[in-house]
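Count along the sequence shown from 1, add 193, and you get the number used in this note's numbering. Even for Gly, the Cβ is constructed at its ideal location relative to N, Cα and C.
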Amino acid sequence: MEHGLEFRRQFILTQTPLPPPAGWMSLQIDPYYLYAHPDLEVHRERAGARSLVLIGCLFDPDGPEKGNADIVKDLLTASAGLRGLFASIKRYAGRYELLYQDEQDAVILHDALALREIYYVSGDNRIVCGSQPNLVAKYANPEIRPRADVDFLKFYESHSRDSRWDPRCKWIGDETYYAGVKHLLPNHYLDINKRQALRYWPDKPISRLSLDEAVSRSADFLQNILQAMAFRHKIMIAVTAGTDSRTILAASRNITDNVYYYINNLYSNDRHPDIFVPKRMFEGIGIPFHIHEVPKGVDENFRRIFLNNAFFASDRILPTIYNVYYKKLSDYVNVLGIGEIGRTRYGKEPKRLNGFRLFYRLGYRSGRYVARIAEEIRAELSPVCRSSGINPMTLFYWEHTLGNWGVTGNSESDIAIEEINPYDSHQLYEIFLGVDARFVKYTRPVFFKELIRRMWPELLEWPINPPFTIRDKSAAVLKMTGLFEPLKELKYRLHHFKYLANTKRARRK
Numbered sequence: 194m195e196h197g198l199e200f201r202r203q204f205i206l207t208q209t210p211l212p213p214p215a216g217w218m219s220l221q222i223d224p225y226y227l228y229a230h231p232d233l234e235v236h237r238e239r240a241g242a243r244s245l246v247l248i249g250c251l252f253d254p255d256g257p258e259k260g261n262a263d264i265v266k267d268l269l270t271a272s273a274g275l276r277g278l279f280a281s282i283k284r285y286a287g288r289y290e291l292l293y294q295d296e297q298d299a300v301i302l303h304d305a306l307a308l309r310e311i312y313y314v315s316g317d318n319r320i321v322c323g324s325q326p327n328l329v330a331k332y333a334n335p336e337i338r339p340r341a342d343v344d345f346l347k348f349y350e351s352h353s354r355d356s357r358w359d360p361r362c363k364w365i366g367d368e369t370y371y372a373g374v375k376h377l378l379p380n381h382y383l384d385i386n387k388r389q390a391l392r393y394w395p396d397k398p399i400s401r402l403s404l405d406e407a408v409s410r411s412a413d414f415l416q417n418i419l420q421a422m423a424f425r426h427k428i429m430i431a432v433t434a435g436t437d438s439r440t441i442l443a444a445s446r447n448i449t450d451n452v453y454y455y456i457n458n459l460y461s462n463d464r465h466p467d468i469f470v471p472k473r474m475f476e477g478i479g480i481p482f483h484i485h486e487v488p489k490g491v492d493e494n495f496r497r498i499f500l501n502n503a504f505f506a507s508d509r510i511l512p513t514i515y516n517v518y519y520k521k522l523s524d525y526v527n528v529l530g531i532g533e534i535g536r537t538r539y540g541k542e543p544k545r546l547n548g549f550r551l552f553y554r555l556g557y558r559s560g561r562y563v564a565r566i567a568e569e570i571r572a573e574l575s576p577v578c579r580s581s582g583i584n585p586m587t588l589f590y591w592e593h594t595l596g597n598w599g600v601t602g603n604s605e606s607d608i609a610i611e612e613i614n615p616y617d618s619h620q621l622y623e624i625f626l627g628v629d630a631r632f633v634k635y636t637r638p639v640f641f642k643e644l645i646r647r648m649w650p651e652l653l654e655w656p657i658n659p660p661f662t663i664r665d666k667s668a669a670v671l672k673m674t675g676l677f678e679p680l681k682e683l684k685y686r687l688h689h690f691k692y693l694a695n696t697k698r699a700r701r702k
């Protein structure tokens, strides 16, 4: 079983050659060395002194029939330099890293959501970067050790179970468990020569769009991207009662014969909305739908490898990965989407942003480490959002929630199946962010309903996220009366007042 599963679909970039894991491919990219698992696609294109290496997969909405090699050629042709690459890559979707070199630059960047993860060493080391921090530490020279600073250790230990990070908790910032190893977050690239992460997006103010134009452009993009994915792969799409999967289902209307639609029954309850809503909906539209029962048992050797492959891996979704994806559907590509950048998941832009609001949104109420990191994030995000016109709470959600917590599930699943996200494109996100705030409220996503209506209007005959628990039903009543958001803000202010009082008291001691 171990053959091919350890660090599956991962890579390492080094300064000097090393004995790679058994079976991994190697590519010298002078003066660096790339090592990649055989299930991770790698394509290289050169034009004079310029070189571009694709690690992973890219899809072209304007050329659904194009493969990775074609797209790499197109990118290099369209990009006169590094800034040109940043502009050219926007219109594609995928899950990838791009390693670019010319006479001046040597950089690596990833997809808009950072789903193909990059962890890098900030100091001098033979390892430049890799897919996971523990993989980087394993091959590092000089040796990399776990951190020993008191504030971080208190943060880590208080949010861990059995010496592993608690998956219910959200990481904050780009620092890691290992000294000198950092996580490359969305919208940043790594300057390999300087070992420094630099922001490349947003690069200009977001253009404002009418609701109709945004719906039209988004629908075209999603439909074409799904066609590109289905042209190249056997794809499967999970459909719940939620907004994002309903939108992807609508976008797949023209390729339904080539899609395996499913849901994993994690609730053992056929009355749960994520089970009964899609079941009835697919019965209504006359398309096969598969409900997977998920056995609890997992092979112990598989579990051991799984937990070592990704630093934040946990048993949370392991039965699904092993019993459904690995044992039954490993020849498919799993299409999963998060469109919440097009809905104000963390609320409207506050009049005065502070660090507490940021770490409060991640579920924390205090802590020296989270307070320091949150303030550093606020100081960096504020001028970026002012110049681009982006809600800082949305950019924070994108980069620090989706960029840390959100990518974990994809990295966990790599042992069993490839996963891609059709929303994962800067071009699409710029459209989302250009929509008037009235239409992208998290509690009332008018934009997404209009997007579904444009692509497959009949799908709106079934409810989206109907309330299920008593808590859901109470929240639904508050949303209908317009009290939900004001009460959430009141709760935040009470916690902020308490935090300020406790901080002031602690300083007096």
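Backbone secondary structure at W217 - three-state DSSP: coil
Residues near I282 in its chain [Cβ-Cβ closer than 6 Å; skip 5 each side]: none
As assigned by DSSP and simplified to three states, the class of F589: helix
Among F414, S324 and I301, the one whose alpha carbon lies nearest that of R309: S324
Beta strand (DSSP E) segment containing L391, residue limits: Q389 to R392
First and last residue of the uninterrupted beta strand (DSSP E) at T207: F204 to T207
Secondary structure of N614, DSSP reduced to three states: coil
Beta-carbon gap between M422 and V528 smaller than 8 Å: yes
Start-end ranges of the alpha helix (DSSP H) lying completely within the segment 445-513, minimum 4 residues: 466-478 and 493-502
Any non-hydrogen atom of the ligand ATP within 7 Å of Y393 CB: Only the bare structure without any ligand can be found here, which leaves the ligand ATP out of the picture.
Contact between the segment 501-510 and the segment 593-608 (3+ Cβ pairs under 8 Å): yes
Three-state class that DSSP yields for A229 in the structure shown: strand
CB contact flag (V633, G532, <8 Å): no
Proximity of V563 and F348 at Cβ, strictly below 8 Å: yes
Start and end residues, alpha helix (DSSP H) containing L328: P326 to Y332
Cross-strand partners of F252 (DSSP beta bridge): A286
Contact check, I248 vs L269, beta carbons under 8 Å: no
Per-residue burial, D508 [other beta carbons within 10 Å of its own, 16 or more giving buried]: exposed
Start-to-end residues for the alpha helix (DSSP H) that takes in R701: F677 to R701
Contact under 8 Å by Cβ, R284 with S618: yes
Residue span of the beta strand (DSSP E) that contains V374, given as start and end: V374 to H376
Beta-bridge partners of P398, as assigned by DSSP: Paired residue(s): none; P398 is not in a bridge.
Three-state class that DSSP yields for Q620 in the structure shown: helix
Extent of the continuous beta strand (DSSP E) to which N527 belongs: V526 to V528
Cβ-Cβ distance between G277 and A286 below 8 Å: no
Same chain only: Cβ atoms within 7 Å of H688, ignoring 5 sequence neighbours per side: Y553 and R558
I566 to D384 span [Cα, whole Å]: 22 Å
Which listed residue (L522, T601 and G548) has its alpha carbon closest to that of S575: G548
Exposure label - D367; buried when at least 16 CB within 10 Å: buried
For R664, the three-state DSSP class (helix, strand or coil): helix
Buried/exposed call for K375, threshold 16 Cβ in 10 Å: buried
Nonlocal neighbours in the same chain, by C-beta distance under 6 Å from R410, ignoring five residues either side: I624
Residue range of the alpha helix (DSSP H) that includes E568: R561 to S581
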